[in-house]
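To start, the structure itself, in structure tokens.
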Amino acid sequence: MISILRSVCLPLALCCLLCDVARSHKPSDSYLRIQGGQETLTAEWDIALKDLEFLIGLDADQNGEITWGELKSQREAITAHALSHLRLGYAQQECELKVVDLLVNQHSDGAYAVLKIETDCPGDAQVLRIQYSLLFDADPTHRGLVLYSNDHGDKDAIMSTHVLSPESPTIEIRTAETSLWHAFQDYVGEGVWHIWIGFDHILFLLCLLLPAVLILQDGQWKPVAAFRPAFSSVVKIVTTFTVAHSITLWLAVMEYVTLPSQMVEATIALSIVITALNNLYPVLALPGWLIAFAFGLIHGFGFANVLLDLGLSEVTLAISLLGFNVGVELGQLAIVVVFLPFAYLVRDTAFYRVVVFKLGSALIAIVALIWMYERLFNAEILGF
Amino acid sequence: MQGEDEFPQRDALREFSRFILNLRKALCATAMTTPSRLSTTFGDCVSLAILLGSLFCGCNPSACVAAKPYIPQRDDEVLEKLPHSVLAGSDEMAILRRRLASEPTDSELASMVASRYVQMGSQSGDPRYFGYARAALSTWWEVSDAPPSILKLRAKLKEKDHRYDEALADLRLLLERKPSDVQAWVEKANICRVQGKYRESLAACEQLADIAGPTRSLLCRIPIQAVRGEAEQAYDSLAQMLPETKRRWPAAVQWVTTMQAKVAVALDLEAAEQHFRAGLQSDPADYYLIREYADYLLDRDRNGEALYMLREHLNDNGILLRAAIAARRVGEKQLFEEWTARLQRRFEEIRLRGSQPHGRFEARYLLELKDDPDRALSVALANWEKQKEGRDTRNVLEAAVAAGNREAATPVVEFLTKHGTEDVVLQRLVDQLGNTR
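Going down the list, the protein sequences come from chains P and C. Just so we're aligned: 350 in this note's numbering is position 350 of the first sequence, and the numbers increase by one with no gaps anywhere. With the second sequence counted from 1, adding 1000 to any position gets you this note's numbering.
Right, here's the structure in full:
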């Protein structure tokens, strides 16, 4: 045997002077697509038929062709071999894997068997542990490619990929990190949503915005002469409100400061009452932006309660804080965009000064007073 | 989440987020296709923007790797064909492997198993077999005083993996202990030549003269002569030694024929075609020869003939590449698009496993199928740093001509001048390059 080998050695070596050193196909890979985000984790595992032929032997009639019938008849052997070389787990738990279906898939280098796998892992496991050893002892150049995706409505989006090799056969996937962008989007939505349904914030903002197109002269409200001062006072108010509530939102979410939510909600209502009354009887003698800042601090605690109710993980904390804040700002901006042009156009009319400004402020003060009562005594009068 | 239907705003939000998702998908799709025919700076900007876009959206080329899983209709549907050369010995190999598993430190057995797998890998073109060979050598994979037979195979596998310097290091270890190993000197000459280190390559061939006789030494020197200004001599030597080769080493006849064809092409001799045909007649599935002949046909605008020959062997990336080029030139738009996409998928699958596609193929793919001379040039240059065979050199020159970048190709031109390489195709490109600004 050895002598035969020796005699072909030289010619072979010479041939190899010309052998294209390039690789024609790629070496062996398997594709493990794991799908999270649903109730339980599911997976599809593509293993090349050439590899299964090597591991188990599929070509029963030895004619050089692997048929669907031959593949199907080896389903049990394939399942047993595959599942004994893959372990999934989370926290301290080991998941139970079950092959529920056998399919076929075409990759660029040939046909693959697809094992559809169901597990008892929860779909929202934060850290997923994978231990993989398929083919490694037979072919050290084999790689297990893990494609993890999280179902957020667009099923095709692959969120992260990982390569398993004999040198690193175990990995931990932080599933939360893979969906940071989704988390951000979600929290922006929550922020906007909260401004839109949180009438107290809208009313507080309106109270501050109403006098922005007016100017107080000798105890009388007069329309501003130009758009610019009105606009800049609105910008100041919105900005300082944002800065203030961002500070307390952060303090509260990080649990540096915690206040009872009932007290916070009642104080928010009080802040609206005061601001509205200040429009009718300017007693505070403070510029609007300073009022916005002072009361913005209280509103921040209110936002924090919403955010904490949504549930936060440490991984997504920063991203959700940022997203929520951006959302709140977008919501405020929408109100300003609607309100300011309208107020500016009609600022010179009695309608604005009497109906909108005076009556509006009075109405807001009354509504906020009722809220305050409701929140202090857990009563329900208005129902919103 | 309850009662979300009561709030129309929620729907508006949904719409907005769907819009963002669609935007993301569009970005991802753009990131996967390369921009075509853009001027340098603009192209770079677009590539950068696309890169940033793909980072931003976190999209991944793996999305387009897999098709949809399906259940075949009939039990006798053939899913995969196994190469016959491999099939024949598979039972015997299984027995040998089992023996090796029970005696993993039997170096003679291990090198027998590994060399059989290396042979299967070379015949079938499937690198899996190199993986199996490596497994057989696993006891000694990291060991520097491994037995010579193991070192030789280890070097071969590293060479197959394009890790030329590591392969040479193993050969050096081997030759220190066994300086009379003919094959090891041949391998060393081969790798050095591929790397463009012609002097070291020739030195290795000289060693052969003492231990294996003048004919083998000459055989070893011919490929270097051919690229060092002695192409005509090389061509004559090949013709002279063909009878002796036929008599003493029939397995090397195909190599001599291939060499004759290659040198004839470089010298622009009519006989080239004759050599190609002779080689393909004795082995119609010689992929190396098929690729070379395809280039010969493509260079002469005989695209239809090339397409006809190539379409039988699309498993091979080098052949698939040339088939797509031929299909494009004859106006087979559908085939061109399908094969280009297939090649792109193969490249992506290689990247997915953490490796790089072969630069020799990728450069030409970018230039001739994707019309992206700038990227083709940078890929070709990176590949040329590693290996400097004719095709590698040609890729750099062609990309440089297309990109109008004479400067980038300077080291390549200097290399050709230094060694006095005679090759009509390369010379034409160098002249063309000289005419660009």
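Don't be surprised by glycine CBs; every beta carbon is placed ideally from N, CA and C.
query: C:E1187 beta carbon less than 9 Å from that of C:E1159; result: yes
query: In DSSP terms, what P:L97 is bridged to; result: P:T119
query: Where P:T275 falls: helix, strand or coil (DSSP); result: helix
query: Interface residues of chain C facing P:I319 [CB-CB closer than 7 Å]; result: Simply none; closest approach about 13 Å.
query: Where P:P27 meets chain C, residues with beta-carbon distance less than 7 Å; result: P1127, R1128 and G1131
query: Buried or exposed by the 16-neighbour rule on C-beta atoms within 10 Å, applied to C:F1361; result: buried
query: Within chain P, the residues that C:I1071 reaches when beta carbons sit closer than 9 Å; result: W68, D101, L102, L103 and V104
query: Cβ-based burial, P:H201 [other Cβ within 10 Å; buried from 16]; result: buried
query: Close Cβ partners of P:S28 (< 8 Å) along its chain, the five nearest in sequence each way excluded; result: A48, K50, D51, L135, D139, T141, H142 and R143
query: Beta-bridge partners of P:T161, as assigned by DSSP; result: P:L147
query: Terminal residues of the alpha helix (DSSP H) in which P:E172 lies; result: No alpha helix (DSSP H) holds P:E172; the beta strand (DSSP E) holding it covers T170 to R174.
query: C:K1156, buried or exposed, once every other Cβ within 10 Å from all chains shown has been counted against 16; result: buried
query: Min CB distance P:E44 to chain B below 9 Å; result: No chain B appears in this structure, whose protein chains are P and C.
query: P:V264 burial status per 10 Å Cβ neighbour count (16 or more: buried); result: buried
query: P:Q35, DSSP secondary structure in three states; result: strand
query: Backbone secondary structure at P:N325 - three-state DSSP; result: helix
query: C:N1315 at chain P interface by Cβ criterion, 9 Å; result: yes
query: Bridge partners - P:Q106, DSSP secondary structure assignment; result: P:A111
query: Any C-beta of chain P under 9 Å from that of C:R1199; result: no
query: Reduced DSSP category for C:K1070 - H, G, I as helix; E, B as strand; rest coil; result: Residue 1070 of chain C is actually Tyr in this sequence, not Lys. Of the three classes helix, strand and coil, the one that applies to C:Y1070 here is strand, per DSSP.
query: C-beta neighbour in chain P for C:C1045, strict 9 Å; result: Bear in mind that the predicted position of C:C1045 carries a pLDDT of just 36, short of 50, making it unreliable; the figure below should be weighed with that in mind. Answer no: the Cβ-Cβ gap between C:C1045 and chain P never drops below 9 Å.
query: One or two residues paired with P:Y132 in a DSSP bridge; result: P:L86
query: Contact set between C:I1095 and chain P, taken where Cβ atoms lie within less than 8 Å; result: Those within 8 Å of C:I1095 in chain P number zero; the least Cβ separation is about 13 Å.
query: C:E1244, enclosing alpha helix (DSSP H) - first and last residue; result: A1231 to R1248
query: Below-9 Å beta-carbon distance, P:R174 vs any chain C residue; result: no
query: Helix, strand or coil at P:T67 according to DSSP, with G and I counted as helix; result: strand
query: Proximal residues, the stretch 44 to 59 of chain P versus chain C, C-beta separation under 9 Å; result: E44, D46, A48, L49, K50, D51, E53, F54, G57, L58 and D59
query: Distance CB(P:I335)-CB(P:L206) smaller than 9 Å; result: yes
query: Sufficient close CB pairs (3 or more, under 8 Å) joining the stretch 262 to 280 of chain P to the stretch 184 to 203 of chain P; result: yes
query: Contact list for C:A1285 against chain P, beta-carbon separation under 7 Å; result: Ordered by position in chain P, no residue passes the 7 Å Cβ test against C:A1285, which lies about 12 Å from the chain.
query: Inter-residue Cα distance where the pair is C:A1234 and C:M1241; result: 11 Å
query: Spatial distance of P:F357 from P:A230 (CA atoms); result: 15 Å
query: Element boundaries [beta strand (DSSP E), containing P:Q217]; result: L214 to Q217
query: Same chain, Cβ closer than 7 Å to P:E329, neighbours up to 5 away in sequence not counted; result: T242
query: Interface flag, C:I1350 vs chain P, CB-CB below 9 Å; result: yes
query: P:D139: contacting residues in chain C (beta-carbon distance under 7 Å); result: R1128, G1131, Y1132 and A1135
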